[in-house]
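Worksheet: one structure, shown below.
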Amino acid sequence: MAAVDKGGEAFLPLARHKRIVVKIGSSLLVDQASGVLKEAWLTSLAEDLALLAKKGCELVLVSSGAIAMGRVMLGMQVRPEKLEDAQASAAVGQIALGRAYAQALGAQELVAGQVLLTLGDTEARRRYLNARATINTLLSRGAIPVVNENDTVATSEIRYGDNDRLAARVATMIAADALVLLSDVDGLYTAPPNMHPDAAHIPLVAKLTPEIEAVAGGEGSNLSRGGMKTKVDAAKMAVSAGTAMVIASGKVRNPLRAIDEGARCTWFAADGNPATARKRWIAGSLDPHGDLIIDDGACQALKKGKSLLPAGIRNVMGRFERGDAVRIVTINGTEVARGLVAYDSTDAQKIAGRKSSEIEAILGYSGRNAMVHRDDMALTGAGSVANVTMEVGG
103 MAAVDKGGEA FLPLARHKRI VVKIGSSLLV DQASGVLKEA WLTSLAEDLA LLAKKGCELV
163 LVSSGAIAMG RVMLGMQVRP EKLEDAQASA AVGQIALGRA YAQALGAQEL VAGQVLLTLG
223 DTEARRRYLN ARATINTLLS RGAIPVVNEN DTVATSEIRY GDNDRLAARV ATMIAADALV
283 LLSDVDGLYT APPNMHPDAA HIPLVAKLTP EIEAVAGGEG SNLSRGGMKT KVDAAKMAVS
343 AGTAMVIASG KVRNPLRAID EGARCTWFAA DGNPATARKR WIAGSLDPHG DLIIDDGACQ
403 ALKKGKSLLP AGIRNVMGRF ERGDAVRIVT INGTEVARGL VAYDSTDAQK IAGRKSSEIE
463 AILGYSGRNA MVHRDDMALT GAGSVANVTM EVGG
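This is the structure we're talking about:
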């Protein structure tokens with residue numbers, strides 16, 4: 103195997119990390135031609151997990167593969183295009199996938215627990231806390247949660263690549279030390295290597311810059327559709343929350359051991375100052391419900407740690423309810439923060455630009471003085487999740 107770059111050595115061995123989230127792509131688990139589970143590969147992964155568990159690591163799996171397995175069991179020859187076919191495939195495949203993990207981990211005297219999440223479960227505060235509590239309880243009991251998106255009830259289009267971002271959300275939710283994205287690629291390159299034979303491998307991303315996003319490719323393999331873009335999106339969420347991330351090939355047996363032994367991969371260094379759990383959740387939200395357009399004075403106040411008052415808001419965009427996540431944007435369109443808004447969009451429009459002392463007279467009730475309180479806000483400017491400044495290391 104290729105030697106590990108000197109920057110990557112700082113993250114090894116994996117057992118150095120107390121809590122690890124491992125994401126597994128569909129193409130690693132399921133044979134693309136037959137739709138049959140790759141049992142030998144899964145057995146080797148379970149061996150790796152057992153070794154890490156014995157060294158005191160807490161482990162969470164985020165696994166694709168339910169739709170890929172289920173569609174074959176339902177007699178579908180190709181990946182389902184209709185939402186209802188994908189949901190039906192997931193309903194069947196989730197049972198088969200859960201059984202496969204239970205058997206593979208059970209053979210190593212490990213207990214598997216299934217956790218099905220939707221986008222709302224990681225964005226609605228109460229559901230987020232419930233999901234986090236469930237995973238933390240499983241970990242405290244020595245179990246390995248196997249997380250998948252609840253595709254049977256998803257209302258948006260189901261895509262196989264969504265689990266890259268889901269894995270990052272789970273990692274930030276439970277304050278993981280490391281996120282391992284096992285895929286059919288062995289890291290990030292300066293250009294798609296299948297199209298550019300001279301493309302250089304990037305062993306370490308010390309900080310995220312726009313050039314990393316520029317080199318991220320598009321769609322991935324037939325079954326694992328995440329592509330490099332979703333992996334870089336995942337890195338944004340993970341590293342800003344203090345979680346180191348690695349993209350590594352899972353095509354080999356014992357893929358986690360291979361990383362420790364020097365297999366080619368790309369590490370993304372974590373931010374040295376992790377945010378609080380609440381700030382991580384707010385900053386990592388991918389589904390803001392609207393925008394608050396602010397003036398320069400409000401922008402400077404936010405950077406000093408102040409709350410966003412109605413007086414600093416110049417416009418309100420979108421439809422949202424109290425408690426929803428919103429973007430906070432300057433007049434020229436630069437996002438500076440995300441937060442949980444204290445008013446619905448109708449009331450927010452009424453009090454935008456007005457003094458806090460006028461809120462009761464305008465709305466007929468006494469609401470909060472701040473449109474977004476500083477405790478409910480995370481800055482997303484330079485060096486954070488939404489507008490990350492980057493350097494490529496190594």
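Each residue of the sequence shown is one higher than the one before, starting from 103 at the first, in my numbering. Each residue gets a CB set at the ideal place from its N, CA and C atoms; glycine is no exception.
Separation of I246 and M171 (C-alpha to C-alpha, rounded to the nearest whole angstrom) is 21 Å. Where R359 is concerned, the enclosing alpha helix (DSSP H) starts and stops at P357 to D362.
Distances from the alpha-carbon of K125 to those of A202, T236, V474 and L281 put L281 closest. Sequence-distant Cβ neighbours of D362 in its own chain, meaning closer than 7 Å and more than five residues away, are L114, P115 and L116.
Runs of the alpha helix (DSSP H) lying entirely within the region 134–196, each at least 4 residues long, are 141–156 and 168–175 in chain order. Between I396 and G414, the beta carbon gap of about 5 Å places them in contact (Cβ cut-off 8 Å). Secondary structure note for S285: its beta strand (DSSP E) is the uninterrupted segment A280 to S285. Cα atoms of L147 and D279: separation of roughly 20 Å, rounded to the nearest angstrom. Under the rule that a run must span 3 or more residues, the beta strand (DSSP E) segments found entirely inside the region 365–430 read 367–370, 392–396 and 415–420. Linking I461 to A439 through their CA atoms gives a straight-line distance of about 23 Å. DSSP, reduced to helix, strand and coil, places T432 within a strand of the structure shown. In terms of Cα proximity to K331, the closest of G200, H391 and D266 is D266. Only residues of its own chain outside the window of five on either side were considered, and among them I276 have a CB closer than 7 Å to the CB of N238, listed in chain order. Closest option to E141, judged by alpha-carbon separation, among S342, L199 and G344: L199. Residue environment: V213 is assigned as exposed (fewer than 16 neighbouring CB atoms within 10 Å of its CB, all protein chains considered). For the 7 Å CB-CB criterion, A202 and L139 form a contact. For M479, the enclosing beta strand (DSSP E) starts and ends at M479 to L481.
For the options S342, D449, T482 and L130, the alpha carbon positioned closest to that of Y467 is the one of D449.
Where I276 is concerned, there is no enclosing alpha helix (DSSP H), because DSSP gives it neither an H nor an E. Ranked by Cα distance from M347, the first of N417, R416, R243 and T274 is T274. In the same chain as K381, and ignoring 5 residues on each side of it, the C-beta atoms closer than 6 Å to its own belong to A480, in chain order. With respect to the 7 Å criterion, V428 and G399 are not classified as neighbours on the basis of their beta carbons. The region 333–350 and the region 284–298 touch, with three or more beta-carbon pairs separated by less than 8 Å. When DSSP states are grouped into helix, strand and coil, M473 belongs to the coil group.
Per DSSP, A245 is one residue of the beta strand (DSSP E) stretching across A245 to E251.
Spanning the alpha carbons of L290 and V180 requires a straight line of approximately 29 Å. Here DSSP, grouped into helix, strand and coil, assigns A209 to coil.
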